[in-house]
Amino acid sequence: MTFGIDDLPVRDELRGKSPYGAPQLDVPVRLNTNENPYPLPEALVERITERVREAARDLNRYPDRDAVELRAKLAEYLTKTSGYAVDTRDVWAANGSNEVIQQLLQTFGGPGRTAIGFEPSYSMHGLIARGTGTGWISGPRHDDFTIDVPAAEKAVAEHRPDVVFITTPNNPTGTAVPAETVLALYDAAQATKPSMVVVDEAYVEFSHGASLLPLLAGRPNLVISRTMSKAFGAAGLRLGYLAAHPAVVDAVQLVRLPYHLSAVTQATALAALEHTDTLLKYVEQLKTERDRLVAELRATGYEVTESDANFVQFGRFADSHAVWQKILDRGVLVRDNGVPGWLRVTTGTPEENDAFLDAAREVQRCVG
Ligand code: PMP
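And the structure:
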């Protein structure tokens, strides 16, 4: 017997658990992790190289601990794209929005506190809750994956969570959450004590609708979390950020590690933000392709959940894992998120989407 995790004195709640992660398989078409399929444009690669070269000269020093220049540029981007004025002091950045969420839970959750999410949703919310010692409550959704507002309000009233997660567009279903739902849950979350409401907008640039940033006005317990991993096509960069009342930004600084954002990360993100317009052009192409995937999957006889994201949930299957394997056998990797009856495909390039649709049609003929 080899020495393993269970032989170590790990925390009880981690025993028997597996790390989060989609399979990283070497197959021709990988549509399983909601990445942007387009490599960065050459002009941006050049700019990153220049900025990183400059930063490299100062690597003997710690980076700007408060990432002020980067936060200012992120605030500018948010203001420009939403029309809602966001200030540098309203923005905080970290290594991916996963780290943003972790810092929020370290600040507002923790032992003796709870967080709620409406599932199926982004499973890392629950996993980061567990990692930070925060109790996790799984809230309800309707069968069509929209949030069941009265049931959600009831769950918030009953459990009085310290943190409420709302993911819009939702992962893995693609479902957008209307502003009224967020407002109703914000009010429910303030009814008996002040609780934080975190709106995870990782995919908002792909949405048919607008960002919920304007809801921040007059709501100091609301946080909008965003990322450069999806629309900016920079998943490898690891840059996530939030917009909220400046007091929230002050609060998360109580738990952030000093110098958490490396000088190389800050330089790379700043270069990417100089090319926002070019990067967002790909978003329009991806939205068109996403809509094509929805239409063609439906025409093939699949059920498809309405999507506002860069991925599409399709089904229904008696055995979704068997269908996942059949699609994989045809060289296309999609995601089995464990939602019974459903699989999720990320929008790729037109060629990748064609390859997926061909595989999906063949599989439909076998199972259908
Ligand atoms: N939120 C949602 C809803 C996501 O789907 C993801 C990534 N899959 C993230 C946050 C985290 O993204 P990142 O850490 O790359 O910013």
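The sequence shown begins at -1 in my numbering and counts up one residue at a time. Where is the CB? At the ideal position from N, CA and C, for every residue including glycine. No experiment lies behind these values; they were computed from the predicted model shown.
For this session: Tell me where the alpha helix (DSSP H) around residue 126 begins and ends.
Result: Locating residue 126 in the sequence shown gives position 128, counting from the first residue. Unbroken alpha helix (DSSP H) run through residue 126: 121 to 129.
For this session: Give the secondary structure of residue 116 by DSSP, where H, G and I count as helix, E and B as strand, and everything else as coil.
Result: As a working mapping, residue 116 is identified with position 118 in the sequence shown. Residue 116 falls in the strand class under three-state DSSP.
Problem set entry | Residues that DSSP places opposite residue 318 in a beta bridge | For the purposes of this step, residue 318 is taken as the residue at position 320 of the sequence shown. Its beta-bridge partners do not exist; DSSP assigns none.
Problem set entry | Inter-stretch contact (C-beta, 8 Å, three-pair minimum) for the region 222 to 235 and the region 324 to 336 | No: the two stretches stay apart, fewer than three of their Cβ pairs being nearer than 8 Å.
Exercise. How would you label residue 323, buried or exposed, when you count the other beta carbons within 10 angstroms and need 16 or more for buried?
Worked result: Taking the sequence shown and counting its residues from 1, one reaches residue 323 at position 325. By the neighbour-count rule (16 or more Cβ atoms within 10 Å), residue 323 is not buried but exposed.
For this session: Could you pull out every unbroken beta strand (DSSP E) segment of at least 3 residues lying fully inside the region 170 to 206, listed in chain order?
Result: 194 to 198
Problem set entry | Residue range of the beta strand (DSSP E) that includes residue 161 | Reading the sequence shown from its first residue, position 163 is the one you call residue 161. Where residue 161 is concerned, the enclosing beta strand (DSSP E) stretches over 161 to 165.
Exercise. Does DSSP put residue 354 in a helix, a strand or coil?
Worked result: In the sequence shown, the residue the question calls residue 354 occupies position 356. The answer is helix: DSSP assigns residue 354 an H, G or I state.
Problem set entry | Cα-Cα separation between residue 198 and residue 209, rounded to whole angstroms | By one-based count along the sequence shown, residue 198 stands at place 200. By one-based count along the sequence shown, residue 209 stands at place 211. Between residue 198 and residue 209, the C-alpha separation is close to 11 Å.
For this session: Would you mind sorting residue 254 into buried or exposed? The rule is 16 or more other CB atoms within 10 Å of its CB.
Result: Numbered from its first residue, the sequence shown carries residue 254 at position 256. With 16 or more other Cβ atoms within 10 Å, it is buried.
Exercise. Just the residues with CB closer than 6 Å to a heavy atom of the ligand PMP, in chain order, which are they?
Worked result: 32, 94, 95, 96, 120, 165, 169, 198, 200, 225, 227, 233, 238
For this session: Starting from residue 274, follow the alpha helix (DSSP H) in both directions and report where the run begins and ends.
Result: Locating residue 274 in the sequence shown gives position 276, where the first residue counts as 1. That run of the alpha helix (DSSP H) goes 274 to 298.
Exercise. With respect to the alpha helix (DSSP H) encompassing residue 225, which residues constitute its N-terminal and C-terminal limits?
Worked result: Along the sequence shown, one-based indexing puts residue 225 at 227. Not the alpha helix (DSSP H): residue 225 falls in the beta strand (DSSP E), residues 220 to 225.
Problem set entry | Residue range of the alpha helix (DSSP H) that includes residue 95 | Locating residue 95 in the sequence shown gives position 97, where the first residue counts as 1. Taken as a continuous stretch (DSSP letters only), the alpha helix (DSSP H) holding residue 95 covers 94 to 106.
For this session: Specify, as a first and last residue, the run of the alpha helix (DSSP H) that residue 68 falls within.
Result: Counting from 1 along the sequence shown, the entry for residue 68 is found at position 70. Note, residue 68: alpha helix (DSSP H), 66 to 80.
Exercise. If we count the other Cβ atoms within 10 Å of its Cβ and call it buried at 16 or more, is residue 28 buried or exposed?
Worked result: Locating residue 28 in the sequence shown gives position 30, where the first residue counts as 1. The residue in question, residue 28, is buried, as its Cβ has 16 or more Cβ neighbours within 10 Å.
Problem set entry | Cβ-Cβ separation, residue 111 to residue 160 (assumed contact under 8 Å), whole Å | Numbered from 1 along the sequence shown, position 162 holds the residue referred to as residue 160. Numbered from 1 along the sequence shown, position 113 holds the residue referred to as residue 111. Correct: roughly 4 Å between the Cβ atoms.
For this session: Find out if the Cβ-Cβ distance for the pair residue 35, residue 276 is shorter than 8 Å.
Result: Along the sequence shown, one-based indexing puts residue 35 at 37. Along the sequence shown, one-based indexing puts residue 276 at 278. No, they are not a contact pair.
Problem set entry | Through-space distance from residue 99 to residue 126, alpha-carbon basis | Numbered from its first residue, the sequence shown carries residue 126 at position 128. Numbered from its first residue, the sequence shown carries residue 99 at position 101. If I take the Cα positions, the gap works out to 8 Å.
Exercise. Taking just the CA atoms, how far does residue 243 sit from residue 123?
Worked result: Along the sequence shown, read from residue 1 onward, the residue named residue 123 stands at position 125. Along the sequence shown, read from residue 1 onward, the residue named residue 243 stands at position 245. So the two alpha carbons sit approximately 21 Å from each other.
For this session: Using the Cα positions of residue 218 and residue 247, report the straight-line distance between them to the nearest angstrom.
Result: Taking the sequence shown and counting its residues from 1, one reaches residue 218 at position 220. Taking the sequence shown and counting its residues from 1, one reaches residue 247 at position 249. Their backbone Cα atoms lie some 11 Å apart in a straight line.
For this session: Answer yes if the region 156 to 175 comes into contact with the region 295 to 313, meaning at least three C-beta pairs across the two stretches below 8 Å, and no otherwise.
Result: yes
Problem set entry | Best match in 121, 176, 133, 182 for proximity to residue 149 [C-alpha to C-alpha] | The residue labelled residue 149 in the question sits at position 151 within the sequence shown. With distances taken between Cα atoms, residue 149 lies closest to 182.
Exercise. Just reading off the alpha helix (DSSP H) that residue 46 is part of, what are its end residues?
Worked result: What you label residue 46 is simply residue 48 of the sequence shown in a count that begins at 1. 40 to 54 is the span of the alpha helix (DSSP H), which, as asked, contains residue 46.
For this session: Less than 8 Å between the CB atoms is what I'm expecting for residue 353 and residue 52, so what's the real figure, rounded?
Result: Position 355 of the sequence shown, counted from the start, is the residue given in the question as residue 353. Position 54 of the sequence shown, counted from the start, is the residue given in the question as residue 52. Incorrect: roughly 41 Å between the Cβ atoms, too far for contact.
Exercise. In chain order, what residues of the same chain lie with their CB nearer than 7 Å to the CB of residue 421, ignoring the 5 residues before and after it?
Worked result: This structure does not reach residue 421, given that the chain is present from -1 up to 366, and the question cannot be answered.
Exercise. Comparing alpha-carbon positions, which option in 142, 74, 194, 190 lies nearest residue 175?
Worked result: Taking the first residue of the sequence shown as 1, we reach residue 175 at position 177. The shortest C-alpha separation from residue 175 is found at 142.
Problem set entry | Integer Cβ distance of residue 226 from residue 267, believed to fall under 8 Å | As a working mapping, residue 226 is identified with position 228 in the sequence shown. As a working mapping, residue 267 is identified with position 269 in the sequence shown. Yes, they are in contact, since the Cβ atoms of residue 226 and residue 267 sit about 6 Å apart, within 8 Å.
Exercise. Is it a yes or a no for the region 132 to 147 touching the region 81 to 95, going by three-plus beta-carbon pairs under 8 Å?
Worked result: no
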